[in-house]
Structures are given as C-alpha cells and as structure tokens.
Amino acid sequence: MNGNFILESFDQVENLVLKVETLTQWIYRLCESNNLSLKTTELAAQLFQKCFSKKCCNLDNILLIAITSLFISIKYNECSNLTKINLQDCILLGNGSYSEKDFLEMELKILNLINFDVNLPTISDFLQEETLKYVDLVLFVTLDSEFWSFSKKDLSQAILAFANNPKKDQNEITTNIINLIQTKVNMLTVIGNDQKANLKQKRKRIQKQKLRIKKRNQRGFNQNKLDVQI
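Each residue of the sequence shown is one higher than the one before, counting from 1 in the UniProt record's numbering.
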C-alpha cells in the first residue's frame with residue numbers, strides 16, 4: 001500500500017475538530033493514491049467521524065482511530081482489489097507510534113461501537129448508479145465537518161437537488177444543506193478569485209522585473225558595442 005503522505009502541520013493543530021477534518025482529508029488522499037473506491041473513503045471517514053461524535057477521540061488516540069478506520073474500511077470494501085492493508089502498513093502510517101496490539105484493540109472498540117455492522121449506509125448507497133455524476137459533491141460534504149451532523153440520505157437528496165436546480169417543494173433539511181453547500185462554494189470562489197488576482201499581480205511584477213532587466217542588458221550591450229566602434 002502506498003502510504004507516502006506526511007501529515008505536515010498536523011501536530012500544530014490544537015483544535016480536535018480541525019484535526020479530525022485534517023485526518024479525514026488525509027484518509028481521502030491515501031485512498032485516492034491507492035486507487036481505492038469512493039465507498040472505501042466514505043466508510044473510513046464515517047467510522048472515524050462516528051468515533052468523534054461518540055466522544056471516543058482525544059488528541060492522544062486520534063491518529064490511531066483514523067488509521068484503524070481506514071484499515072477496517074479497506075478490509076470490508078476492497079476484497080477484490082489488489083491493494084491490501086496489513087498491520088505493518090498501519091504501523092508505518094502511524095510513524096511507529098502504535099503497535100499491532102494498539103490497532104487490534106482499537107479495531108475491536110470501533111466494531112463494538114457500530115455493533116459489528118460495517119455495512120453503514122453511505123451517500124453513494126443512496127445515489128447508486130448516479131454516484132459517478134456527483135463524486136465531487138459527495139467528497140465535498142464528506143470531507144467538511146459542517147456536514148457531518150446530517151444523515152447520508154439527507155445529504156444525497158441535497159446533492160441531487162443542488163446539482164439539478166433546487167425545487168420549491170423540497171424539505172427544510174434539504175434546503176439547509178443546499179444553502180450550506182452554496183455558501184461554501186461561494187467562499188471557495190472568492191478565495192479562488194483572490195488567488196487568481198494575486199497570481200495575476202505577481203505575474204505582472206515578474207514581467208515588469210524582466211522588462212527592467214532586459215532594458216538594463218540592452219543598455220549594457222549597446223555601450224559595449226559603442227566601445228568597440230571607438
């Protein structure tokens with residue numbers, strides 16, 4: 001398994017919610033780099049977030065829970081996939097901070113938490129064959145902590161409504177989710193536009209600097225040429 005993802009700045013984040021969100025995004029990148037299914041990403045994130053909602057997470061065991069959630073999800077969803085995960089992979093992902101015993105004990109705790117029913121409903125389950133159309137939106141709400149309190153069914157309905165123009169007869173929860181998605185999208189658009197503007201200004205500065213250097217070089221070249229003529 002490709003585990004070449006370093007958790008940069010993770011230790012600097014003191015807020016537990018932000019750490020859970022950071023690790024959820026890290027799980028997604030791991031799944032993507034190993035060509036794992038969207039369902040695997042969703043289940044791993046859901047197991048991890050369920051532990052968080054049940055107040056099983058703390059700053060000491062949060063990475064252990066994240067890796068174990070991924071471990072369970074891959075074992076359950078990727079039976080036919082060539083990519084496998086073993087306890088040694090888990091130890092490497094945890095930078096050697098946890099032992100095989102730690103992972104096995106955490107696996108049992110998580111399974112007990114969900115009553116050994118790993119077949120948790122995901123957004124993909126509700127979207128079914130339409131999932132591929134809305135992968136970006138599924139990941140959008142899966143990775144952002146502000147959507148975690150909503151049910152997967154409500155999220156799937158909101159995704160469909162958002163992507164296909166909201167209807168007047170939709171329920172309040174769907175409307176709330178759509179409004180939240182739109183707010184987030186607008187924020188990202190503003191950030192994106194600001195970044196583009198900053199990049200454009202930076203390019204202009206670079207071009208001006210290049211032009212000044214070019215003019216200086218031309219003056220120097222002409223002076224040398226004049227010296228030769230003399």
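Glycine residues also receive a C-beta, built at the ideal position from the N, C-alpha and C atoms.
Bear in mind the structure is a predicted one, so any value in this text is a computation, not a measurement.
Exercise for the section: For CYS51, collect the residues of the same chain with a Cβ closer than 6 Å to its Cβ; drop the 5 residues on either side in sequence, then sort them by chain order. Expected result: Take CYS51, set aside five residues on each side of it, and the residues of its chain with a beta-carbon closer than 6 Å to its own are CYS57 and ILE65, in chain order.
Practice task
Assign VAL118 to one of three DSSP states: helix, strand, or coil.
Solution key: coil
Practice task
Pick helix, strand or coil for PHE140, following the three-state DSSP scheme.
Solution key: Judged by DSSP in its simplified three-state form, PHE140 adopts helix.
Problem - Start and end residues, alpha helix (DSSP H) containing ASN77 - result: Its alpha helix (DSSP H) spans residues 62–77.
Practice task
Go ahead and pull the three-state DSSP assignment for LEU82.
Solution key: LEU82 falls in the coil class under three-state DSSP.
Practice task
Using three-state DSSP, classify LYS133 as helix, strand or coil.
Solution key: In the structure shown, LYS133 sits in a helix (DSSP, three-state: H, G or I).
Exercise for the section: Tell me where the alpha helix (DSSP H) around GLU107 begins and ends. Expected result: 100–113
Exercise for the section: Within 10 angstroms of the Cβ of LEU226, are there 16 or more other Cβ atoms? Answer buried if so, exposed if not. Expected result: For LEU226, the predicted model reports a pLDDT of 33, less than 50, meaning its position is unreliable; a value from the coordinates is still stated below. With a threshold of 16 other beta carbon atoms within 10 Å, LEU226 falls short and is exposed.
Handout entry: ASN164, DSSP secondary structure in three states
Key = The three-state secondary structure of ASN164, taken from DSSP, is coil.
Handout entry: Continuous alpha helix (DSSP H) stretch holding ASP125: start and end
Key = Run containing ASP125: 123–127, per the alpha helix (DSSP H) assignment.
Exercise for the section: Since I believe SER149 is in contact with PHE126 (beta carbons under 8 Å), could you give me their beta-carbon distance rounded to a whole number of angstroms? Expected result: That pair is no contact at about 17 Å.
Handout entry: TRP26 - DSSP class collapsed to helix/strand/coil
Key = Of the three classes helix, strand and coil, the one that applies to TRP26 here is helix, per DSSP.
Exercise for the section: Could you check the C-alpha separation between ASN77 and SER37 for me, to the nearest Å? Expected result: 8 Å
Handout entry: CB contact flag (SER145, ILE110, <8 Å)
Key = no
Practice task
Give me the Cβ distance between THR142 and THR41, rounded to the nearest whole Å; I'm assuming they're in contact under 8 Å.
Solution key: 7 Å
Problem - Backbone CA spacing between GLY96 and LEU59 [nearest angstrom] - result: 17 Å
Handout entry: Helix, strand or coil at SER97 [DSSP, three-state]
Key = coil
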